[in-house]
Every structure is written in C-alpha cells, then in structure tokens.
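Trainee: The structure that follows is given in the form of structure tokens.
There are 2 protein chains.
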Amino acid sequence: MARWEPNARERLASSALDLFAERGYEGTTAAEIAARAGLAKSTFFRHFADKREVLFAGQDLIGEAFAAAMRACPPSATPRELLHAALAAAAFAFGDERRAWVVRRQAVIDDNTELRERELLKRASLTAALESALRERGLGERLAALAAEVGSLAFRGAFARWIAPSNARGYAELAREELDALASAAASLG
Amino acid sequence: MARWEPNARERLASSALDLFAERGYEGTTAAEIAARAGLAKSTFFRHFADKREVLFAGQDLIGEAFAAAMRACPPSATPRELLHAALAAAAFAFGDERRAWVVRRQAVIDDNTELRERELLKRASLTAALESALRERGLGERLAALAAEVGSLAFRGAFARWIAPSNARGYAELAREELDALASAAASLG
DNA sequence: ACGGTGATGAGACCAAGTCCCATCACAGGG
DNA sequence: CCCTGTGATGGGACTTGGTCTCATCACCGT
Chain A
8 MARWEPNARE RLASSALDLF AERGYEGTTA AEIAARAGLA KSTFFRHFAD
58 KREVLFAGQD LIGEAFAAAM RACPPSATPR ELLHAALAAA AFAFGDERRA
108 WVVRRQAVID DNTELREREL LKRASLTAAL ESALRERGLG ERLAALAAEV
158 GSLAFRGAFA RWIAPSNARG YAELAREELD ALASAAASLG
Chain B
8 MARWEPNARE RLASSALDLF AERGYEGTTA AEIAARAGLA KSTFFRHFAD
58 KREVLFAGQD LIGEAFAAAM RACPPSATPR ELLHAALAAA AFAFGDERRA
108 WVVRRQAVID DNTELREREL LKRASLTAAL ESALRERGLG ERLAALAAEV
158 GSLAFRGAFA RWIAPSNARG YAELAREELD ALASAAASLG
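In order, the protein sequences belong to chains A and B.
Residue 197 is where the first sequence ends in the numbering used here, and the numbering goes up by one at each step.
Residue 197 is where the second sequence ends in the numbering used here, and the numbering goes up by one at each step.
Quick look at the structure:
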C-alpha cells in the first residue's frame with residue numbers, strides 16, 4: 008500500500024460515498040472503505056470519530072458561517088435580517104459544482120435511519136449556533152429559540168428545494184424565499 | 008435464574024436506568040443490565056432494538072396522543088387551539104408520580120451524546136406527528152411545518168420547566184404558558 | 001398426561017470502535 | 001552523507017453492540 012499519498016481524509020470520504028451508494032450504508036464496512044482508499048481500518052478511525060461522521064465532515068463550517076455573518080450585522084438589524092444574513096453566508100457550501108455530490112450524499116442519508124439520526128444531531132448543532140448568535144444580539148430566550156427554529160426550517164426548506172431534480176435556481180435565492188414565506192406564516196400564528 | 012417472572016421489559020428498563028445512573032451509559036454493558044434483571048443479554052435485545060432504546064420505550068404514545076387530540080378537535084379550531092389540545096393530551100406522561108423517574112432519566116440522557124442523539128430522533132418523530140396531523144386539518148406545507156416546530160418547542164420548554172428542581176407546577180399549565188409565549192413571539196417575527 | 005406455544009438461555013458470529021506498538025516517510029542538523 | 005525526531009500509517013489484539021440459531025423450559029388447553 009502506497010503510504011504517504013496526500014489527501015487521505017478526502018480519499019476516505021469519497022470512497023465511502025461511492026461504496027454507500029453502491030452497497031448501502033449498512034452493507035459497507037469501515038475496513039472496506041479504508042481498503043478502497045488504500046488505507047487501513049485504523050487509519051479510517053483516526054480521521055473520523057465513527058463510520059457516520061465520514062458523511063458529515065465540514066458541517067461545522069456552516070454553523071460558524073451562520074454565527075460570523077450575524078456578528079457582522081449592524082446593531083440595528085432585526086431578527087429577520089439576522090437570519091437572512093446567516094442563511095446567505097452558508098451559500099459557499101451550495102455552489103453548482105457541489106450539487107451532484109450533495110444530491111448523492113443526501114440520497115444515502117435518506118436511505119438509512121442511523122444516518123438520519125446523525126443528520127438530526129448536526130441540524131441541532133446548526134440551530135444551536137443560530138440561537139446562541141441571536142441571544143448575543145440581545146434577543147430574549149423564547150424569541151431566540153423560535154427565530155433559530157425558523158431559520159433552521161428555512162435552511163432545510165431551501166436545501167430541499169435546491170437539491171430537487173427539477174430545480175435550476177440558486178440556494179441563496181431559495182433561502183430568502185423560504186425565510187420570507189415562513190415569516191409571514193409566523194405572523195399568522197400569533 | 009428464575010425464568011418466567013413477569014415484567015421482563017420493565018425490569019430491564021429499571022435495571023438499565025439504575026446502572027446508567029451509577030456507572031454512566033458507556034460504563035454499562037447490555038449484558039450487565041440483563042444480568043441485574045435476572046435475564047440474558049439475548050433477551051435484552053429481544054425487548055429493545057438497541058441499548059439506547061431502553062430509555063425511550065413508550066415515546067411513541069406521546070406522538071399518538073398528539074395526533075388523536077388534534078383529530079378530536081372541532082373543524083373550526085385554529086392552529087393554536089390544535090396545538091394546545093395536542094400538548095394537553097400528553098399530560099398523562101407527566102404526572103407527579105413519574106417526576107422523579109423522569110428527572111433521573113433526563114440526567115442520564117443529558118450526560119451522553121449518543122443518548123442525546125437518540126432523543127433528537129424521538130423529538131423529530133413527535134414533531135412529524137404534529138406536522139402530519141396539522142396537514143390533515145388542511146394547513147399548508149409551511150404553516151404546518153412551522154406550527155409543528157412551535158408546538159415542539161413549547162413541549163420542550165414545558166418539559167424543561169416541569170423537571171426543573173424549583174418547579175412545583177403541573178405540566179399542562181406550563182405547556183399552555185409556553186405555547187402562548189411562543190405564539191406572541193411568532194407574531195413579532197412576521 | 002400430552003403436545004403446542006412462546007419466552008428464555010446459551011453461545012457462535014460479525015462489525016464498530018479502541019488501543020498499542022512497530023514501521024515508514026520526510027525534515028532538519030551534524 | 002548519515003542520524004534523529006516527528007507524524008502519519010499498518011497491523012493486530014481486544015471489548016462491546018447487535019444478530020442469529022438452537023435447545024430448553026414454563027404454562028396452557030385438551
């Protein structure tokens with residue numbers, strides 16, 4: 008096995024997605040993923056805490072982008088403007104080049120409960136990032152929690168529409184639409 | 008080992024909570040839980056799909072109660088009234104007798120990421136129950152999704168306050184308060 | 001008393017994940 | 001040019017979660 012080839016982590020992630028798509032998540036062992044990447048099982052677990060994580064590497068970047076974007080907003084910004092800015096800041100993850108990869112990855116996740124469970128954990132972490140950034144702006148407990156959930160919902164909705172087969176529009180535009188629609192729905196709930 | 012003693016499932020659940028509280032979730036093996044209940048490891052997994060599930064048995068009843076309560080509402084009910092009815096219907100799970108047990112259980116869950124992850128899965132299932140019941144009432148996609156999240160948030164908030172050490176109030180009352188507070192927060196977001 | 005049913009015990013087995021140690025590639029200093 | 005330190009890797013032992021199969025036993029109706 009040729010050691011010392013670069014990008015071990017990336018090779019593992021890409022081998023994993025390939026194998027999951029072919030044989031399913033449960034039908035693939037960590038040792039097989041490592042082998043396809045030309046690495047050993049122990050090396051796999053040195054790069055990823057567990058077998059699920061290989062599909063979720065880099066998720067934290069989105070949460071950090073959320074928080075950074077909100078911190079960059081003027082103090083006068085309304086909750087809605089903060090959310091707009093946060094969601095827009097995640098656009099780096101949803102360029103056209105990435106779409107095919109993201110679609111394939113999502114199909115694998117949707118197909119397996121264990122992976123959907125991990126996705127929920129990641130989503131919760133994104134929502135928590137929104138919530139704590141909103142509280143830093145002085146929002147009250149409940150309003151921060153609610154606004155964070157609305158932001159999370161808009162993010163999910165925009166994501167779902169972005170990866171839909173029929174879609175040709177950009178993520179940023181979809182996110183703005185989703186958020187506006189949810190805000191008016193919120194008004195009707197009060 | 009005395010076979011055929013009744014309530015194997017309950018004995019397993021209670022042994023599990025005891026051991027988790029003593030040694031932590033990760034410090035406890037499934038075989039140890041079974042042994043304390045006077046059963047074998049294979050019997051444990053016959054009753055619970057995995058080690059985490061032993062703490063979440065019966066959660067689905069709450070989701071079913073949500074849906075049933077909404078179906079029992081008059082057709083004229085507003086989304087807010089539907090949510091009130093749903094949350095109120097979950098009160099059976101939060102009587103005073105159960106409080107000590109619930110508090111102990113929650114401490115164990117909060118202490119372990121794996122368990123928190125499973126909790127998110129259960130929470131998502133409750134939210135989905137709310138959402139699908141709301142859509143049956145004719146609510147649009149986004150409004151149903153948003154209202155379900157608000158209901159879930161109110162449920163979580165009421166639960167957190169109910170198990171707080173200083174609390175002496177009942178779950179139903181707390182749930183109503185949380186929902187009203189969130190509804191007015193929602194109005195301010197639109 | 002007898003056979004059927006259903007819950008259990010026991011143990012083999014696989015894969016996830018941890019751990020430890022040897023090994024190798026590369027870097028820099030003598 | 002050699003020597004040594006550093007860091008990523010390979011390899012394998014080990015524990016545990018989880019599955020599966022088969023034998024066993026308690027109870028129930030006939």
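Built from N, CA and C at the ideal position, the CB exists for glycine as well.
So what does DSSP say about Phe101/B, is it helix, strand or coil?
Mentor: Stepping through the second sequence from its first residue, residue 101/B is reached at position 94. Here Phe101/B sits in coil by DSSP.
Trainee: Return yes when at least one heavy atom of the ligand HEM lies under 7 Å from the C-beta of Ala151/A, else no.
Mentor: By its list of ligands, the structure shown contains no ligand whatsoever, and the ligand HEM lies outside what it can speak to.
Trainee: Step through the CB atoms of chain A and report whether any lies within less than 8 Å of the CB of Ala131/B.
Mentor: In the second sequence, residue 131/B corresponds to position 124, counting from 1. Taking Cβ atoms only, chain A reaches closer than 8 Å to Ala131/B, which makes this a yes.
Trainee: For chain B, is any of its Cβ atoms less than 8 Å away from the one on Ala194/A?
Mentor: The residue labelled residue 194/A in the question sits at position 187 within the first sequence. True, the Cβ-Cβ gap to chain B drops below 8 Å.
Trainee: Would you identify the three-state DSSP class for Lys58/A, choosing helix, strand or coil?
Mentor: Translated into positions along the first sequence, residue 58/A becomes position 51. It is coil, neither helix nor strand.
Trainee: Below 8 Å on the Cβ atoms is my contact criterion, and I expect Ala182/A with Ala76/A to pass it. Report the Cβ-Cβ distance as a whole number of Å.
Mentor: Against the first sequence, residue 182/A aligns to sequence position 175. Against the first sequence, residue 76/A aligns to sequence position 69. That belief does not hold up - the Cβ atoms of Ala182/A and Ala76/A are roughly 12 Å apart, past 8 Å.
Trainee: Please report the residue range of the alpha helix (DSSP H) in which Glu121/A lies.
Mentor: Sequence index remark: in the first sequence, residue 121/A carries index 114 (1-based). From DSSP, the alpha helix (DSSP H) with Glu121/A extends over Thr120 to Glu143.
Trainee: So, is Arg176/B buried or exposed, given that buried needs 16 or more other C-beta atoms within 10 angstroms?
Mentor: Taking the second sequence and counting its residues from 1, one reaches residue 176/B at position 169. With fewer than 16 other Cβ atoms within 10 Å, it is exposed.
Trainee: Whole angstroms is fine: what's the gap from Gly102/A's alpha carbon to Arg168/A's?
Mentor: Your numbering for residue 102/A matches position 95 in the first sequence. Your numbering for residue 168/A matches position 161 in the first sequence. Going by the C-alpha atoms only, they are around 14 Å apart.
Trainee: Spatial neighbours of Ala23/B within its chain, please: CB distance less than 6 Å, with the 5 preceding and 5 following residues excluded, ordered by chain position.
Mentor: Within the second sequence, the letter at position 16 stands for residue 23/B. Only Ile40 and Val61 meet the Cβ criterion.
Trainee: If we call anything under 8 Å between Cβ atoms a contact, is Val157/B one with Leu90/A?
Mentor: In the second sequence, counting from the first residue as 1, residue 157/B sits at position 150. In the first sequence, counting from the first residue as 1, residue 90/A sits at position 83. Against a cut-off of 8 Å, the Cβ pair of Leu90/A and Val157/B comes out as no contact.
Trainee: Within the chosen definition, does the region 66 to 75 of chain A reach the region 135 to 142 of chain A through at least 3 CB pairs nearer than 8 Å?
Mentor: yes
Trainee: Give a yes or no on whether 8 Å exceeds the smallest Cβ distance from Ala3/B to chain A.
Mentor: The requested residue 3/B is not part of the displayed model; chain B covers only 8 to 197.
Trainee: At least one CB of chain A closer than 8 Å to the CB of Arg125/B: is that the case?
Mentor: Translated into positions along the second sequence, residue 125/B becomes position 118. For Arg125/B, the answer is yes, since a Cβ of chain A falls inside 8 Å of its Cβ.
Trainee: Sort Glu148/A, Lys129/A, Leu146/A and Ser191/A by Cα distance to Ala159/A and report the nearest one.
Mentor: If you number the first sequence from 1, residue 159/A lands on position 152. Ala is not the amino acid found at residue 159/A; the sequence shown has Ser there. If we check each option's Cα against that of Ser159/A, Lys129/A comes out closest.
Trainee: Considering only residues of the same chain and omitting the five flanking positions on each side of Ala155/A, which have a CB-CB separation below 8 Å?
Mentor: One-based indexing of the first sequence puts residue 155/A at position 148. Hits under 8 Å: Thr134, Ala135, Leu137, Glu138 and Leu141.
Trainee: Along the chain, where does the alpha helix (DSSP H) that runs through Ser173/A open and close?
Mentor: The residue labelled residue 173/A in the question sits at position 166 within the first sequence. Taken as a continuous stretch (DSSP letters only), Ser173/A belongs to no alpha helix (DSSP H), as it is neither H nor E.
Trainee: Check for me: the alpha helix (DSSP H) holding Tyr178/A runs from which residue to which?
Mentor: Taking the first residue of the first sequence as position 1, residue 178/A is located at position 171. Tyr178 to Leu196 is the extent of the alpha helix (DSSP H) around Tyr178/A.
Trainee: What did DSSP end up calling Leu146/A once you bin it into helix, strand or coil?
Mentor: Locating residue 146/A in the first sequence gives position 139, counting from the first residue. In the structure shown, Leu146/A sits in coil (DSSP, three-state: anything other than H, G, I, E or B).
Trainee: Does any C-beta atom of chain A lie closer than 8 Å to the C-beta of Glu6/B?
Mentor: Since the first and last residues shown for chain B are 8 and 197, residue 6/B lies out of range.
Trainee: At what residues does the alpha helix (DSSP H) containing Gly70/B begin and finish?
Mentor: By 1-based counting over the second sequence, the position of residue 70/B is 63. Looking at the DSSP string, the run of the alpha helix (DSSP H) that includes Gly70/B is Gln66 to Arg78.
Trainee: Take Leu46/A and list the residues in its own chain whose beta-carbon comes closer than 8 Å to its own, dropping the five residues that flank it on each side.
Mentor: The residue given as residue 46/A occupies position 39 in the first sequence. So the qualifying residues of the chain are Met8, Ala15, Arg18 and Leu19.
Trainee: Taking Cβ positions only, does Arg138/B come closer than 8 Å to chain A?
Mentor: Residue mapping note: residue 138/B aligns to position 131 of the second sequence, counting from 1. Correcting the residue type first, residue 138/B is Glu in the shown sequence and not Arg. So, not an interface residue.
Trainee: Return the residues of the region 179 to 193 of chain B that lie within a Cβ-Cβ distance of less than 9 Å from chain A, sorted by chain order.
Mentor: Glu185, Ala188, Leu189, Ala190, Ser191, Ala192 and Ala193
Trainee: Show which residues of chain A have a CB atom less than 7 Å away from the CB atom of Leu160/B.
Mentor: Within the second sequence, the letter at position 153 stands for residue 160/B. Those within 7 Å of Leu160/B in chain A are Ala152, Leu153 and Glu156.
Trainee: Between the region 19 to 31 of chain B and chain A, which residues of the former have a C-beta closer than 9 Å to a C-beta of the latter?
Mentor: none
Trainee: What is the DSSP secondary structure of Phe63/A, counted as helix, strand or coil?
Mentor: Locating residue 63/A in the first sequence gives position 56, where the first residue counts as 1. Phe63/A falls in the coil class under three-state DSSP.
Trainee: Return the residue from the list Ala171/A, Gly197/A and Ala79/A that minimises the CA-CA distance to Leu150/A.
Mentor: Position 143 of the first sequence, counted from the start, is the residue given in the question as residue 150/A. Cα-wise, what sits closest to Leu150/A is Gly197/A.
Trainee: Give the single residue among Arg30/B, Ser191/B and Ser21/B whose Cα lies nearest to the Cα of Arg105/B.
Mentor: Locating residue 105/B in the second sequence gives position 98, counting from the first residue. Among Arg30/B, Ser191/B and Ser21/B, the Cα nearest to that of Arg105/B is on Ser21/B.
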